[in-house]
Structure formats: structure tokens, C-alpha cells
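Numbering (the numbering used here), first residue to last: 1 to 223.
Pasting the structure below:
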């Protein structure tokens with residue numbers, strides 16, 4: 001049953017793509033779609049509503065971590081048993097949602113991470129491969145947990161784990177924080193391969209060397 005599965009999609013100025021993401025998510029069989037409008041200055045909110053999504057709004061841009069936490073909190077308040085996070089820039093394929101949800105249920109784990117690097121058919125830029133390898137090493141140093149895609153934005157989360165997990169970082173470092181919560185709460189997890197599509201626009205909006213340096217400085221101050 002997909003009635004208790006909620007899809008959380010943080011979005012900042014994604015008017016040109018968010019409608020297609022919502023449409024594809026509906027076609028994949030999931031209708032509980034939450035767009036967290038993270039201070040967009042374009043028509044992201046209007047388009048998301050027109051395509052049938054529920055929109056939760058941040059008046060100002062708070063960052064992907066804050067938007068993810070807002071979406072998770074709202075999904076829990078609506079009775080979600082499974083929460084799937086997804087990017088709004090068409091980088092992820094909504095067709096993969098079912099695989100994550102089925103894995104969460106059949107393996108009875110708390111968290112399923114969608115890994116771009118477990119799918120040999122993905123064409124991933126060298127810069128992303130490099131950033132992720134470094135991030136995986138840092139994640140292991142900080143958490144003691146090995147994963148192949150520490151920066152993945154596509155995850156399936158059980159209700160019980162989502163209620164325990166609180167994200168305090170507003171930026172991209174929240175991805176490492178989720179993995180840290182695995183250790184803190186002795187949660188179970190697994191990774192599954194997912195599809196990924198990169199374009200010049202998605203690469204320009206994603207993580208860069210400078211954001212990576214800022215992320216690391218924040219993480220090492222607290223962890």
C-alpha cells in the first residue's frame with residue numbers, strides 16, 4: 001500500500017522542473033507528495049500546487065537540511081509510515097521510489113539509501129565521484145559507518161527512525177548527520193542502486209569544492 005508513503009521534495013527555484021518531478025512521481029504510483037518551498041523567488045510554489053502537490057513554505061531560504069526536516073515533520077503529522085526524500089531538479093528518477101520502499105519493508109530496516117555509485121549504468125562526472133569519495137571518508141571518520149553514497153538525497157525512512165532523527169544542520173552536511181543518527185540510535189540500514197541524471201544546470205546548483213569545505217568545517221566543529 002502506498003497510501004502511507006509520503007514523498008518529501010525540497011525545492012529552491014525549481015519552477016522549470018518541479019512539475020515534471022511531481023508528474024513522474026504520480027505516475028510511479030505515489031500521490032502523497034510534499035514540496036518544501038525553501039524560499040523560492042520564482043513560481044515553484046504555484047506550479048507545485050497546480051500539479052497536485054502539498055506545499056509547505058519557508059518564507060526565506062533555510063537550506064536543504066532545514067527543508068528536509070520540515071518535510072519529514074509534516075509527513076509524520078499526516079500519518080506517514082514511510083518517508084522518501086527526493087531532489088526537485090530531476091536528478092533522481094521517481095521510478096526508483098518503489099524499489100526503496102519495497103526494500104525498507106521487506107528487509108525491515110530503518111533507512112534505505114539510494115546509491116548513485118552502485119548502478120554501473122549511471123554516467124557520473126569525475127568531480128562528483130571525487131567529492132563523494134572524500135565525503136565517504138569523512139563520513140566514516142565521523143560516524144564509523146561505511147556507505148557508498150554519503151551525499152545521496154534519495155532515501156527511504158521508516159516512521160520510527162524519522163521520529164528519532166532530528167536534523168540540526170541546514171546545509172548539505174545534513175546528509176552526514178542522517179548517517180550519524182544511524183549510529184546514535186543503533187538503526188539498521190542498507191543501500192540500493194538508483195538512477196541519476198546530471199545536466200549542466202544540476203551540476204551548477206549542487207555541491208562544489210567551496211560548499212564542501214564549508215560543510216567539513218561545520219561538521220568537525222560539532223561531531
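Virtual Cβ for every residue (Gly too), placed ideally from N, Cα, C.
Item: Straight-line Cα distance separating residue 32 from residue 173; Value: 27 angstroms
Item: Boundaries of the beta strand (DSSP E) in which residue 158 is found, first to last residue; Value: 155-158
Item: Beta-carbon spacing of residue 109, residue 189 below 8 angstroms; Value: yes
Item: Close Cβ partners of residue 167 (< 6 angstroms) along its chain, the five nearest in sequence each way excluded; Value: 65, 69, 174 and 177
Item: Euclidean distance between Cα positions of residue 126 and residue 11; Value: 25 angstroms
Item: First through last residue of the beta strand (DSSP E) which encompasses residue 130; Value: Segment 126-143 is the alpha helix (DSSP H) holding residue 130; no beta strand (DSSP E) there.
Item: Residue span of the alpha helix (DSSP H) that contains residue 48, given as start and end; Value: 44-50
Item: Opening and closing residue of the beta strand (DSSP E) in which residue 7 lies; Value: 5-11
Item: Meets three-Cβ-pair contact criterion under 8 angstroms: the region 40-55 and the region 107-123; Value: no
Item: Rounded straight-line distance, which links the Cα of residue 95 to that of residue 24; Value: 8 angstroms
Item: Any beta strand (DSSP E) of 3 or more consecutive residues that is wholly inside the region 22-103; Value: 33-38, 54-58 and 82-85
Item: Whole-angstrom C-beta distance between residue 15 and residue 34, which should lie under 8 angstroms; Value: 17 angstroms between Cβ atoms; not a contact.
Item: Beta-carbon spacing of residue 122, residue 196 below 8 angstroms; Value: yes
Item: Rounded straight-line distance, which links the Cα of residue 111 to that of residue 104; Value: 7 angstroms
Item: Residue 180 classed as buried or exposed, judged by whether at least 16 other C-beta atoms fall within 10 angstroms; Value: buried
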